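Okay, structure first, notes after.
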Amino acid sequence: MSFENAMAKLNLDLDSSFYDPTAFPQLPLQELTVTKAAIEGNLESLFAALQNVHKCDMDTPLLSRDGFPRSDIDVVQVRLIRTQIIRLRNDLRSLLQCLNIRLEEFFQSGAAPAEITLNSEPSVDMVPFAVVNEVVAHSPAYKAGLQDGDELISFAETINATNHDGLKRVVATVQSSVANRNEIKVLVLRNKTDKIGLCLRPCADWGGRGVLGCRLDKL
415 MSFENAMAKL NLDLDSSFYD PTAFPQLPLQ ELTVTKAAIE GNLESLFAAL
465 QNVHKCDMDT PLLSRDGFPR SDIDVVQVRL IRTQIIRLRN DLRSLLQCLN
515 IRLEEFFQSG AAPAEITLNS EPSVDMVPFA VVNEVVAHSP AYKAGLQDGD
565 ELISFAETIN ATNHDGLKRV VATVQSSVAN RNEIKVLVLR NKTDKIGLCL
615 RPCADWGGRG VLGCRLDKL
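Under our numbering, think of the first position of the sequence shown as 415, with each following residue one higher.
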């Protein structure tokens, strides 16, 4: 059975046939924007299925301590969903690279702002790449307004799902912020619906462990 047929049988037949990743470099700006929104919509549906239906995320163990598939999780379905999420994330990264090139070309052409009709900031990846957990009271994360379950969309305005390098760039940015005592602008997705901008000031002497007072887990 093909991957697509398996997804259809599990009522997860999210259409990815409307785009061809190999054609992204040739697509015009508006078509890239439409495709971006469609991929993000599919990702939101898949993440919702993982969290709301299966009560798990991309890192939840699917095997018991004895090495057998967990009986409390539909392991087959969760694996299929995770595979599709990885596929879509990879496609979205490729698309965003092409979209940024098209945006540079657009603005270099001297076109008037009114000529572009985008509904959002197309150069920013709106797909979460990390989740905030274990926020400690009175910590830098707590004072910034971060809450458990917040999902990072962008960090320091330039780091997103396409370039965080396994959160290595986030770590480097935090270390630089501590050394220079400056703030980091953070954009998070809260409750899967609300995008919230916050200012985070990491600190080594706030009275607790670490410099953030929370844990960031890669999605």
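The beta-carbon is built from N, C-alpha and C at its ideal position, and this holds for glycine as well.
This one's a predicted model, so the numbers in the text were calculated from it and none came from an experiment.
**OP:** Would you grab the beta carbon distance between Leu449 and Leu509 for me? Rounded to a whole angstrom, and I think it's under 8 Å.
**Re:** Within the sequence shown, numbered from 1, the residue matching residue 449 stands at position 35. Within the sequence shown, numbered from 1, the residue matching residue 509 stands at position 95. In the sequence as presented, Leu is not what sits at residue 449; that position holds Thr. Going by Cβ atoms, the distance from Thr449 to Leu509 rounds to 6 Å, so yes, they are a contact pair.
Original post:
Are the CB atoms of Arg583 and Asn596 nearer to each other than 9 Å?
Top reply: Mapped onto the sequence shown, residue 583 falls at position 169. Mapped onto the sequence shown, residue 596 falls at position 182. The answer is no: Cβ separation not under 9 Å.
**OP:** Spell out a yes or no on whether the stretch 490-502 and the stretch 510-523 are touching, meaning 3 or more CB-CB pairs, one atom from each, closer than 8 Å.
**Re:** no
Original post:
Going by alpha carbons, who is nearest to Ser553 out of Gln511, Leu506, Gly624, Ile610?
Top reply: On the sequence shown, residue 553 is found 139 positions in, with the first residue counted as 1. The option with the nearest alpha carbon to Ser553 is Gly624.
**OP:** Work out the CA separation of Glu454 and Leu564 for me, nearest whole Å.
**Re:** Residue numbering aside, residue 564 sits at position 150 when the sequence shown is read from its first letter. Residue numbering aside, residue 454 sits at position 40 when the sequence shown is read from its first letter. Per the sequence shown, residue 564 should be read as Asp rather than Leu. C-alpha separation (whole angstroms): 18 Å.
**OP:** Within the same chain, show all residues whose beta-carbon is closer than 8 Å to that of Ala618, passing over the 5 residues directly before and after it, in chain order.
**Re:** As a first step, residue 618 is located in the sequence shown; it is residue number 204 there, counting from the start. Contacts found: Val592, Val625.
**OP:** Kindly list the residues whose CB is nearer than 6 Å to the CB of Ile610, restricted to its own chain and excluding five residues on each side of it in sequence; keep chain order.
**Re:** As a first step, residue 610 must be located in the sequence shown, where it is residue number 196. Excluding positions up to five away in sequence, the list reads Val602, Arg604.
Subject >> Environment of Ala437 [buried if 16+ CB atoms lie within 10 Å] >> reply: Position 23 of the sequence shown, counted from the first residue, corresponds to residue 437. The residue in question, Ala437, is exposed, as its Cβ has fewer than 16 Cβ neighbours within 10 Å.
Original post:
Just how far apart, CA to CA, sit Glu529 and Lys632?
Top reply: Reading the sequence shown from its first residue, position 115 is the one you call residue 529. Reading the sequence shown from its first residue, position 218 is the one you call residue 632. Residue placement at Glu529 is poorly supported in this model, since its pLDDT is 42, which falls under 50; the coordinates are not used for a value here.
Subject >> Nearest-angstrom Cα separation, counted from Asp480 out to Leu464 >> reply: Here residue 464 corresponds to residue number 50 of the sequence shown, with the count starting at 1. Here residue 480 corresponds to residue number 66 of the sequence shown, with the count starting at 1. Near 24 Å, if we compare the C-alpha coordinates of Asp480 and Leu464.
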